[in-house]
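Asks: Before we start, here is the structure in question, set down as structure tokens.
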Amino acid sequence: MSNIETMQRRRSCRTYDPRPVEPEKLAELRDFLLSNHTGPFNGRLRFQLLAFDEMPAEETRFLGTYGVIRGARCFILGAVGRGPQAMEDYGYAMERNILKATELGLGTCWLGGTFRRSGFAKRFNLSEDELLPAITPVGYPGERRSATERFFRFSAGSDQRKAWDELFYDRDAATPLSRESAGPCAKALECVRIGPSASNKQPWRIVRTEGAFHFYLCKTPLYDTFFKDIPLQNIDMGIAMCHFELASLEIGQAGAWTVAPTIPPEDWEYIASWVARR
Ligand SMILES: Cc1cc2nc3c(=O)[nH]c(=O)nc-3n(C[C@H](O)[C@H](O)[C@H](O)COP(=O)(O)O)c2cc1C
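The working numbering puts the last residue of the sequence shown at 284; the count rises by one with no breaks.
Next comes the structure, spelled out in structure tokens:
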């Protein structure tokens, strides 16, 4: 399966089938996690797959999700060293794990809020200079979504995305970029648009200029005050960078990330630019 197809297929899954994941698939996923230890800003990351069936029952007692996730027996946990762009690095790298799991036919769901962070952090031996920003369950999707899951999807409007003209711009932040004028890069931008984001807020804004795409964060007022150390919308930006990069490479639009601050519109924060390789 191509990365673009995998991104198109991914959906958050909160209800899991009791069928255990085969040991070979768990091993493949574990190998992938081991190889995935940095992001575009060179942060230091580590990931681990916890399989409840391999643990004594009393150890799983404090590893809950407040009833949001049903039936999951495996979770991917991750840690990132504290630093200025740690959340973007985490979003980028954890999304690669999520796409790997999707490719293996498994369901996942980013959890940045509805999980017992302290319980999982303790199990992961988190050090003082590390953060555990988010986790994901992994397993076979259940046949029917639970009522809680239906409620979550409905309240976040998870099946909808903002229109192109709200997310993508041409040369400046006032001129919308249409699919037609985006040319071959439309595919990569569309992969950003279909990506997951906390509460489906879609805070990504992208401005295309000659040979470059500039990524900005349009923060939702007060949203990131919930978890002081973990600004979820910066994680969303890392996810957008992951999707854009993987899709661009797949359609033969090579490039690299750079930080070349431009003057952002008042309510946007500059994150990074993808500069096309000539
Ligand atoms: C950084 C981040 C944090 C999230 N945190 C949660 C969470 O705590 N609980 C939850 O049920 N969903 C969470 N989600 C999932 C989003 O609600 C979901 O991605 C969005 O509604 C879009 O739906 P989709 O993933 O099915 O495309 C999170 C997503 C992201 C990217």
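Just so you know, even glycine gets a beta-carbon here, dropped at the ideal spot from N, CA and C. In this text the structure is predicted, and so the values were computed from the model without any measurement.
Quick check: what's the CA-CA separation for Thr37 versus Phe53?
Replies: Note that residue 37 corresponds to Asp in the displayed sequence, not to Thr. For Asp37 and Phe53, the distance between alpha carbons rounds to 10 Å.
Asks: By Cβ distance, which residues of its chain are closer than 7 Å to Leu268, with the 5 residues on each side in sequence left out?
Replies: Here the sequence assigns Thr to residue 268, which means Leu is not the residue at that position. Correct list, in chain order: His220, Tyr276.
Asks: Classify His249: buried if its beta carbon has 16 or more other beta carbons within 10 angstroms, exposed otherwise.
Replies: Looking at its Cβ environment, which holds 16 or more other Cβ atoms inside 10 Å, His249 is buried.
Asks: Return the chain-ordered list of same chain residues with a C-beta closer than 7 Å to the C-beta of Ala194, the five sequence neighbours on each side being excluded.
Replies: Closer than 7 Å at Cβ, skipping near neighbours: Phe250, Ala253, Ser254, Ile257, Gln259.
Asks: Rank Glu65, Val86, Glu216 by C-alpha distance to the C-alpha of Asn42 and give the top, closest one.
Replies: Checking every option, the nearest Cα to that of Asn42 belongs to Val86.
Asks: Going by C-alpha distance, which of Gln239, Thr108, Thr12, Ser18 is nearest Ser164?
Replies: When only C-alpha atoms are compared, the closest one is Ser18.
Asks: Would Gly145 and Leu112 be called neighbours here (beta carbons separated by less than 8 Å)?
Replies: Yes; because the gap between Cβ atoms is below 8 Å, this pair is in contact.
Asks: Mind reading off the beta-carbon distance from Ala282 to Gly261? Whole number of angstroms is fine, and I expect it under 8 Å.
Replies: Confirmed, Cβ separation roughly 5 Å.
Asks: Out of Thr108, Ser203, Thr181, Arg88, which has the shortest C-alpha to C-alpha gap to Leu137?
Replies: Of the candidates Thr108, Ser203, Thr181, Arg88, the one whose C-alpha sits nearest the C-alpha of Leu137 is Arg88.
Asks: For Gly148 versus Thr21, is the C-beta spacing smaller than 8 Å?
Replies: For Gly148 and Thr21, yes; Cβs fall inside 8 Å.
Asks: Going straight from the alpha carbon of Phe157 to that of Gly217, what length do you get?
Replies: The alpha-carbon atoms of Phe157 and Gly217 are separated by roughly 42 Å.
Asks: State whether the stretch 191 to 210 contacts the stretch 161 to 179, with contact taken as three or more CB pairs (one from each stretch) at a distance under 8 Å.
Replies: Short answer: they touch.
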